[in-house]
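Written below as structure tokens is the structure these notes are about.
Residue numbers (the numbering used here): 330 to 404.
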């Protein structure tokens with residue numbers, strides 16, 4: 330059995346900060362077709378790191394990434 334994720338939904342986001350989505354909102358690992366019954370740890374870590382950021386900070390990072398990806402012909 331794996332250890333529970335620390336901080337997953339334990340702290341409510343204050344007004345205007347973060348995304349306010351709990352890990353429980355992701356559904357069960359057995360929801361939907363093609364799910365192997367476990368979450369992808371890398372994806373969960375990425376989601377949790379995004380949740381720690383303010384929404385505006387994440388959006389700025391995402392827009393900078395889009396500019397670089399477009400300049401490299403990746404999108």
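Every residue, glycine too, gets a C-beta built ideally from N, C-alpha and C. Predicted model only: the values in this text are computed from it and were never measured.
Checklist entry - CB residue 387 to CB residue 393, shorter than 7 Å? => result Cβ distance not < 7 Å, so residue 387 and residue 393 don't count as in contact.
Checklist entry - Would DSSP call residue 383 helix, strand or coil? => result Of the three classes helix, strand and coil, the one that applies to residue 383 here is coil, per DSSP.
Checklist entry - With a CB to CB cut of under 8 Å and the five nearest residues on each side skipped, what residues in its chain are close to residue 339? => result Residue confidence is low: residue 339 scores 46 on pLDDT, short of 50, so the model does not pin down where it sits. No coordinate-derived value is stated.
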